[in-house]
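Visitor: Take a look at the following structure, please.
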Amino acid sequence: MDLHALPTLTNLSHCVSIVERENTKIVRVIHDKATAGISLYGGHVISFQPSDQTDLIWMSDAAKFDGTTALRGGIPVCWPWFARIGSPSHGFARTQEWTLVEHRESEAGVVVTLGLTANPETLAIWPYQFSLRLHVAISDTLEVTLEMTNEDERAWHFSGALHTYLHVGDIRQATTTGMGNEYIDSLQNNLMCQGGDELQLTDTIDRVYTKPAPLIHLHDPVLKRTIQVENKGHNSAVLWNPWLQGAQSMADMTDEGYQTMLCIESTVHAPCISAGITLQPGEQYQLKTTLSTAH
Ligand code: TA6
């Protein structure tokens with residue numbers, strides 16, 4: 002996505018401004034190390050481009066920026082649950098309007114923090130008080146940390162994901178290592194399966210890997226780079242590509258979109274919304290993903 006082409010609403014500092022696409026306000030970061038975009042709608046990273054490279058993040062050419070649906074691509078924040086175990090699917094955080102809490106910059110990079118707290122819309126879906134902070138640290142690497150606090154008087158449970166859409170030159174030529182060899186296959190009615198750690202895709206995939214390595218590699222011979230994904234606070238890593246049939250069924254993905262993306266997600270997976278990680282009143286938890294590249 003060409004962040005430079007978007008109209009500026011406010012300049013906040015040397016590196017940080019608010020720009021707009023359709024109805025969506027985007028925090029745009031332009032720094033010597035990298036450029037990045039973070040949408041306030043969804044608290045959603047939509048671009049991270051180190052200065053010498055093409056974007057690490059994939060955004061759909063058909064993504065809707067009108068605030069009617071979650072942005073297709075980027076790093077959706079799935080919270081307080083992952084997948085279709087509740088309604089809406091993947092929770093409500095990705096369709097809420099977040100606020101810009103703080104931005105800091107130095108020679109090393111820029112840190113942007115967005116926030117979301119309980120409001121009448123979230124309470125109607127999930128009756129708990131909470132506070133979320135999304136810390137996005139932009140430098141040669143991208144560090145995204147979802148920090149959650151239980152602000153309620155009762156314990157609550159959560160699952161969720163940083164549902165990263167990575168950009169590849171050609172999905173058929175890309176390979177991954179580090180997903181591990183045990184997975185729950187969403188395409189086989191959640192069957193627990195064993196498989197090899199090195200993967201090259203030839204068809205749709207939708208798997209929850211339960212024992213991923215600390216570092217997952219996405220080797221991309223076309224863009225001549227390897228994206229490294231390091232997750233923290235997760236209990237699994239999800240791998241997803243909808244392939245042609247899935248892309249055709251989505252209004253916000255072009256038919257060709259699947260060819261240049263792969264989701265590798267830092268995930269807290271749970272079988273239902275009453276399971277997952279429990280936070281007592283006042284407790285905090287962090288779910289994190291860090292993206293970096295090697296050539
Ligand atoms: O993370 C994989 C997944 O849960 C898939 O099952 C797939 O449906 C995808 O997320 C996208 O979900 P969405 O609700 O954004 O269409």
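Residues 2 to 296 in our numbering are what the sequence shown lists, from first letter to last.
From the three backbone atoms N, C-alpha and C, an ideal C-beta is built for every residue, glycine too.
By Cβ distance below 8 Å, which residues in the same chain neighbour residue 109 in space, the five residues on each side in sequence not counted?
Guide: Counting from one through the sequence shown, the residue named residue 109 turns up at place 108. Excluding positions up to five away in sequence, the list reads 34, 140.
Visitor: Quick one: complete beta strand (DSSP E) runs, 3+ long, within the segment 110-170?
Guide: You should have 110-118, 131-139, 143-151, 157-159, 161-163, 166-168.
Visitor: May I ask you to check if the CB of residue 256 is nearer than 7 Å to at least one heavy atom of ligand 1?
Guide: As a position in the sequence shown, residue 256 is number 255, starting the count at 1. Incorrect: residue 256 has no Cβ contact closer than 7 Å to ligand 1.
Visitor: So residue 244 is in the alpha helix (DSSP H); what residue range does that whole segment cover?
Guide: Taking the first residue of the sequence shown as 1, we reach residue 244 at position 243. 244-250 is the extent of the alpha helix (DSSP H) around residue 244.
Visitor: Short of 6 Å in beta carbon distance, which residues of its chain neighbour residue 162, apart from the five on each side in sequence? Order them along the chain.
Guide: One-based indexing of the sequence shown puts residue 162 at position 161. If we look at residue 162 and ignore the five residues flanking it on each side, its Cβ neighbours are 79, 83, 266, 268.
Visitor: With contact counted as at least three CB pairs below 8 Å, one residue from each stretch, are the segment 246-265 and the segment 170-178 in contact?
Guide: yes
Visitor: Hey, is residue 194 close to ligand 2, as in C-beta under 7 Å from one of its heavy atoms?
Guide: As far as ligands go, the structure on display features ligand 1 and does not contain ligand 2.
Visitor: Considering only the beta carbon of each residue, do residue 43 and residue 13 sit closer than 8 Å?
Guide: Counting from one through the sequence shown, the residue named residue 43 turns up at place 42. Counting from one through the sequence shown, the residue named residue 13 turns up at place 12. Cβ distance not < 8 Å, so residue 43 and residue 13 don't count as in contact.
Visitor: My output table needs one value for residue 94: the three-state DSSP class, helix, strand or coil.
Guide: Taking the first residue of the sequence shown as position 1, residue 94 is located at position 93. Correct three-state label for residue 94: helix.
Visitor: Would a C-beta distance cut-off of 8 Å place residue 271 and residue 19 closer than the cut-off?
Guide: By 1-based counting over the sequence shown, the position of residue 271 is 270. By 1-based counting over the sequence shown, the position of residue 19 is 18. No, these two residues do not count as a Cβ contact at 8 Å.
Visitor: Among the candidates 208, 41, 57, whose CA atom is the shortest distance from the CA of residue 221?
Guide: Residue mapping note: residue 221 aligns to position 220 of the sequence shown, counting from 1. Taking only the C-alpha atoms, the option nearest residue 221 is 57.
Visitor: How many Å lie between residue 284 and residue 156 at the Cα?
Guide: For the purposes of this step, residue 284 is taken as the residue at position 283 of the sequence shown. For the purposes of this step, residue 156 is taken as the residue at position 155 of the sequence shown. One C-alpha to the other measures close to 9 Å.
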